[in-house]
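J.: What follows is a single structure, and I will ask about it in a moment.
Number of protein chains: 2
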Amino acid sequence: MTQINAHYLKLQGSYLFSTIGKKVAAYKEAHPSQKVISLGIGDVSQPLVPAVVKALRAAVDEMGNADTFRGYGPEQGYSFLREAIAKADYQARNIAIDKDEIFISDGAKSDVANFQELFSSQVKVALQDPVYPVYLDTNVMAGRTGVFQEGRFTNLIYLSCTEENNFMPQIPAEHADIIYLCSPNNPTGAALNREQLTSWVKYAQANESIILYDSAYEAYITQPKIPHSIYEIAGAEKVAVEFRSFSKTAGFTGTRCAYTVVPRGVQVKDEQGSTHSLRDLWLRRQTTKFNGVPYIVQRGAEAVYSEKGQAQIRAVILQYMQNAHIILEALKTAGIRAFGGENAPYIWLKTPGGLKSWDFFEILLENAQVVGTPGVGFGQCGEGYFRLTAFNTPQLTQEAAARITQLKF
Amino acid sequence: MTQINAHYLKLQGSYLFSTIGKKVAAYKEAHPSQKVISLGIGDVSQPLVPAVVKALRAAVDEMGNADTFRGYGPEQGYSFLREAIAKADYQARNIAIDKDEIFISDGAKSDVANFQELFSSQVKVALQDPVYPVYLDTNVMAGRTGVFQEGRFTNLIYLSCTEENNFMPQIPAEHADIIYLCSPNNPTGAALNREQLTSWVKYAQANESIILYDSAYEAYITQPKIPHSIYEIAGAEKVAVEFRSFSKTAGFTGTRCAYTVVPRGVQVKDEQGSTHSLRDLWLRRQTTKFNGVPYIVQRGAEAVYSEKGQAQIRAVILQYMQNAHIILEALKTAGIRAFGGENAPYIWLKTPGGLKSWDFFEILLENAQVVGTPGVGFGQCGEGYFRLTAFNTPQLTQEAAARITQLKF
């Protein structure tokens with residue numbers, strides 16, 4: 000019988016959201032008259048903005064007309080979208096990224112998951128704890144993580160992010176080849192400032208490592224001290240890859256479009272010590288295994304950069320950030336210490352009275368009929384923490400906040 | 000410096016279509032008055048059919064409305080589409096495939112490329128020659144192929160498909176764990192009949208191997224003796240995975256939607272000999288590394304199965320198959336032996352006078368201003384052959400055919 004990739008068997012069960020789902024369903028069945036509000040899963044609630052809808056409609060019409068129909072597009076994405084991104088997200092910030100260093104894809108999740116394929120199975124990986132599970136799981140599948148012992152994989156460098164260090168990943172003493180950084184962070188909402196990010200770039204330069212920088216939530220940054228792109232830090236263009244998404248920026252969670260920046264200056268070496276362009280390797284990967292994003296969707300993403308599109312998405316993001324503010328205020332009133340929510344749509348709270356994450360989940364559901372995500376689901380360091388998201392509607396967020404305010408601990 | 004996946008360095012240059020592009024550009028520059036017609040790349044020319052356009056428009060409107068907006072969908076695809084596929088493509092043919100064995104994706108290329116991840120790096124792979132390059136390249140990247148010597152990789156089983164065996168892959172004497180079969184075939188246009196496919200299923204049963212069956216062109220089958228699905232063969236539901244696409248079926252090359260069938264009965268084993276469900280492994284892979292296909296696109300694909308959608312796509316396919324017939328007739332008149340084109344949109348011709356593939360390319364371009372694809376670009380066994388496609392417009396196909404008819408060899 001054909002043998003499987005044995006590394007898959009090392010994957011730890013990903014029961015977080017299914018367990019939440021089951022507990023919520025059981026509660027609803029037992030309390031049919033109660034209205035449960037979810038501040039749990041990180042999905043958006045607001046529709047696509049009018050500028051995007053208009054562009055999607057026009058593109059659909061083009062696809063139905065022989066004169067304007069488009070078949071296979073470039074695997075890397077259409078120039079019109081890559082140019083719009085390069086101009087608005089980089090050149091306007093005085094960052095010298097050009098369109099050929101940008102790769103359009105169907106999601107930051109796909110790109111973050113696939114990118115590790117370019118590296119040797121022997122590279123040493125560092126990642127934050129708590130962490131977005133995709134970084135971890137895809138390296139487990141690739142056989143880079145060693146075995147799972149006492150709650151952690153033996154061959155990873157875990158960057159613990161706790162209240163003691165303001166949820167900021169600390170520079171490790173040992174050498175890492177690849178460092179996953181997520182800022183603004185999911186789940187903690189913490190964002191690296193210029194100085195902190197500079198120290199990571201310096202570490203990567205000194206160690207000749209590569210930073211895989213997930214900035215899917217950069218549109219939620221409000222404070223000027225927080226860089227929107229890692230390329231705002233000098234030298235990053237030689238050591239960093241940046242992942243961005245339209246999912247949270249423009250409500251594309253169900254529309255699927257993202258992009259990855261791989262600057263020409265990032266080099267890797269082979270066993271003989273010869274250097275190779277990481278950008279060219281990614282291009283080869285994408286042309287071999289991917290056929291590009293729908294033309295229609297790329298036109299929708301392009302419209303995000305129009306004047307109207309920008310104004311419309313900023314209004315939606317502002318609304319979500321007002322939700323975040325409302326949740327933060329409610330937690331404060333309830334006497335619960337909370338973090339994040341300033342530069343990110345996530346609020347990370349410390350469970351009162353040293354409650355375990357799952358115990359707090361039960362209490363919140365029972366007493367406020369509000370659903371959130373137990374922090375321990377994101378890693379060992381998440382125990383005793385809990386994530387709430389700002390993506391529900393203003394009305395339901397306010398209702399949830401009012402209930403939280405009434406909680407007694 | 001961070002080490003790369005060294006297997007990438009074994010990839011042979013994929014210069015086929017870029018070389019063609021350069022040669023055509025040079026010809027056009029030297030002969031600006033000549034009108035060059037491409038029967039080369041396998042992209043479609045006809046727009047999306049009205050039923051699909053209508054469904055896409057409706058879905059765009061839903062996404063712009065708060066009441067009907069959809070965020071993250073199921074990674075495996077929406078039930079409405081998986082049900083439509085199960086019913087129309089399988090249950091209507093008395094094949095017991097249900098919706099939970101179907102996985103929607105952004106392309107058969109992606110799925111065919113990613114599926115090998117589920118297997119050990121030690122599995123023995125068999126593939127056809129000539130071959131769709133994605134099967135080969137993705138196994139090279141995964142380190143399964145050995146080294147490249149005298150035009151072939153040392154650790155692969157090549158199933159040579161030539162005029163002598165009617166371009167049919169022959170059952171190998173040795174054991175293969177994974178067999179890639181493409182039928183109707185790209186590039187040869189050959190299609191396995193029931194008896195031939197049965198012998199492959201029997202081989203897989205006897206060897207406990209898995210057949211990765213690419214039937215992206217099944218909609219072009221015209222002869223009743225050719226199965227549309229491998230699951231028409233008894234026992235295949237325990238040994239085969241099937242890849243299908245809307246690209247050539249419904250003109251989705253730029254719209255991106257496909258699906259993969261992994262029946263519950265297909266088992267694989269781990270190093271200790273325990274068995275695992277291949278379907279569950281693929282589900283785990285997809286939920287970890289993929290976030291589903293745009294809702295809009297899935298509604299477009301669903302419309303392919305409506306009564307109007309079926310009538311409209313059949314009309315387009317018929318038109319392409321008429322193109323194939325026109326090309327076959329022209330080649331016959333020109334005294335060129337040609338194959339395929341009966342159950343596939345590809346015509347595979349034997350170059351006259353034993354010409355090398357690239358020499359014939361030059362002659363066809365110089366003397367008929369028609370562009371095709373040198374067979375050697377698909378593998379050693381393609382030398383002396385040449386691929387033409389039926390996907391251009393009827394008018395340009397007729398014009399190309401008229402020029403071919405005038406050729407003298």
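Line by line, the protein sequences are chains A and B. Letter by letter, the first sequence follows residues 0 to 408 of numbering that gives the first Met the number 0. Letter by letter, the second sequence follows residues 0 to 408 of numbering that gives the first Met the number 0. Cβ coordinates follow ideal geometry from the N, Cα and C atoms, glycine included. Only a predicted model underlies this, so the values are computations on that prediction, with no experimental measurement involved.
Terminal residues of the continuous beta strand (DSSP E) containing Asp128(A)?
T.: Its beta strand (DSSP E) spans residues 124-128.
J.: For Val414(B), count neighbouring C-beta atoms within 10 Å of its own C-beta (all shown protein chains included) and say buried if the count is 16 or more, exposed if not.
T.: Residue 414(B) lies beyond the range of chain B shown here (0 to 408); nothing can be said about it.
J.: Just to make sure I have the definition right: I need the residues of chain B whose C-beta is within less than 8 Å of the C-beta of Pro351(A). Which are they?
T.: Those within 8 Å of Pro351(A) in chain B number zero; the least Cβ separation is about 31 Å.
J.: Once the 5 residues before and after Gly150(B) are set aside, which same chain residues still bring their CB inside 8 Å of it?
T.: Cβ within range, chain order: Gln379.
J.: Could you tell me whether the stretch 284-304 of chain A touches the stretch 80-92 of chain A, using the rule of 3 or more Cβ pairs below 8 Å?
T.: As far as the Cβ criterion goes, the stretch 284-304 of chain A touches the stretch 80-92 of chain A, which means the pair count is three or higher.
J.: Over what stretch of residues does the beta strand (DSSP E) that includes Arg263(A) continue unbroken?
T.: Counting along the chain, Arg263(A) falls outside any beta strand (DSSP E), and DSSP gives it neither H nor E.
J.: What does Ile209(A) reach in chain B if we use C-beta pairs closer than 7 Å?
T.: Here the neighbours are Thr1.
J.: Do Glu270(A) and Arg243(A) have their beta-carbon atoms positioned less than 8 Å apart in this structure?
T.: The answer is no: Cβ separation not under 8 Å.
J.: Taking only beta-carbon positions, decide if Met320(B) is within less than 8 Å of chain A.
T.: So, not an interface residue.
J.: Could you name the residues of the same chain whose beta carbon sits closer than 8 Å to that of Ala401(A), not counting the 5 residues immediately before and after it, in chain order?
T.: So the list reads Ala329, once near-sequence residues are dropped.
J.: What residues in the stretch 102-123 of chain B have a beta carbon less than 7 Å from any beta carbon of chain A?
T.: Against chain A - using a Cβ distance shorter than 7 Å - the residues of the stretch 102-123 of chain B are Asp105, Gly106, Lys108, Ser109, Ala112, Asn113, Glu116, Leu117, Phe118, Ser119, Gln121, Val122.
J.: When you compare only the Cα positions, how much space is there between Asn64(A) and Leu55(B)?
T.: Answer to the nearest angstrom: the Cα atoms are 14 Å apart.
J.: Just to confirm, are Ile295(B) and Ala249(B) a CB contact at a threshold of 8 Å?
T.: Not closer than 8 Å, so no.
J.: Cβ atoms of Val261(A) and Glu100(A): under 8 Å apart, would you say?
T.: Yes. Within cutoff.
J.: Which term fits Glu28(B), buried or exposed, when burial requires 16 or more other beta carbons within 10 angstroms of its beta carbon?
T.: It counts as exposed.
J.: Report the rounded CA-to-CA distance for His6(A) versus Ala141(A), giving the unit in angstroms.
T.: Their Cα atoms are separated by approximately 7 Å.
J.: Of all the CB atoms in chain B, is at least one closer than 8 Å to the CB of Thr287(A)?
T.: By this cut-off, Thr287(A) is an interface position.
J.: Considering only their Cβ atoms, is the gap separating Leu327(A) from Gly308(A) smaller than 8 Å?
T.: No; because the gap between Cβ atoms is not below 8 Å, this pair is not in contact.
J.: Would Pro186(B) and Gly352(B) qualify as a contact pair, given that the criterion is a beta-carbon distance under 8 Å?
T.: Contact: no.
J.: So, are the CB atoms of Leu406(A) and Ala367(A) less than 8 Å apart?
T.: Yes, Cβ-Cβ distance for Leu406(A) and Ala367(A) is below 8 Å.
J.: For the alpha helix (DSSP H) holding Tyr26(A), just list the boundary residues, first then last.
T.: Taken as a continuous stretch (DSSP letters only), the alpha helix (DSSP H) holding Tyr26(A) covers 15-29.
J.: How would you call Thr153(B), buried or exposed, if buried means at least 16 neighbouring beta carbons within 10 angstroms?
T.: Thr153(B) is exposed by the Cβ-count criterion.
J.: Any heavy atom of the ligand ADP within a distance shorter than 7 Å of the CB on Thr396(A)?
T.: Among the components modelled here there is no ligand, and therefore nothing to report on the ligand ADP.
J.: Got a sec: is the Cβ-Cβ distance from Arg243(B) to anything in chain A below 8 Å?
T.: No, its Cβ sits nowhere closer than 8 Å to a Cβ of chain A.
J.: Starting from Leu387(A) and walking both ways along the beta strand (DSSP E), at which residues does that stretch end?
T.: First-last of the beta strand (DSSP E) with Leu387(A): 384-388.
J.: Who are the near neighbours of Pro226(A) in its chain, counting only those whose CB is closer than 7 Å to its CB and skipping five residues on each side?
T.: Excluding residues within five positions, the ones whose Cβ falls inside 7 Å are Arg193, Leu196, Ile232.
J.: Would you grab the beta carbon distance between Asp110(B) and Thr254(B) for me? Rounded to a whole angstrom, and I think it's under 8 Å.
T.: 16 Å between Cβ atoms; not a contact.
J.: Given that Phe152(A) touches chain B, what residues does it touch there, using C-beta distances under 7 Å?
T.: Result: empty, since nearest Cβ-Cβ is about 15 Å, beyond 7 Å.
J.: Give the C-beta separation of Phe390(B) and Val23(B) to the nearest angstrom, bearing in mind that I take them to be a contact with Cβ-Cβ under 8 Å.
T.: Not a contact, Cβ separation roughly 17 Å.
J.: Report the CB separation of Ser214(A) from Glu173(A) in whole angstroms; it is logged as a contact under 8 Å.
T.: Not really, about 25 Å apart at Cβ, beyond 8 Å.
J.: Taking C-beta to C-beta, are Ile316(A) and Val369(A) nearer than 8 Å?
T.: Not a contact, by the Cβ cut-off of 8 Å.
J.: List in chain order: all unbroken beta strand (DSSP E) runs of 3+ residues lying wholly within the stretch 39-121 of chain A.
T.: Listed in chain order, the complete beta strand (DSSP E) runs (minimum 3 residues) inside the stretch 39-121 of chain A are 101-104.
J.: Does any residue of chain B have a CB that is nearer than 8 Å to the CB of Lys268(A)?
T.: Chain B, which has a Cβ nearer than 8 Å to the Cβ of Lys268(A), makes this yes.
J.: Taking 7 Å as the limit between beta carbons, can you name the residues of its chain near Ile94(A), skipping five residues before and five after?
T.: Excluding residues within five positions, the ones whose Cβ falls inside 7 Å are Ser228, Tyr230, Glu231.
J.: Following the continuous alpha helix (DSSP H) through Glu236(B), name the residue where it begins and the one where it ends.
T.: That residue, Glu236(B), is in no alpha helix (DSSP H); it is neither H nor E in DSSP.
J.: Indicate whether Met0(A) and Gln115(B) have their beta-carbon atoms separated by less than 8 Å.
T.: Result no, Cβ atoms of Met0(A) and Gln115(B) do not sit closer than 8 Å.
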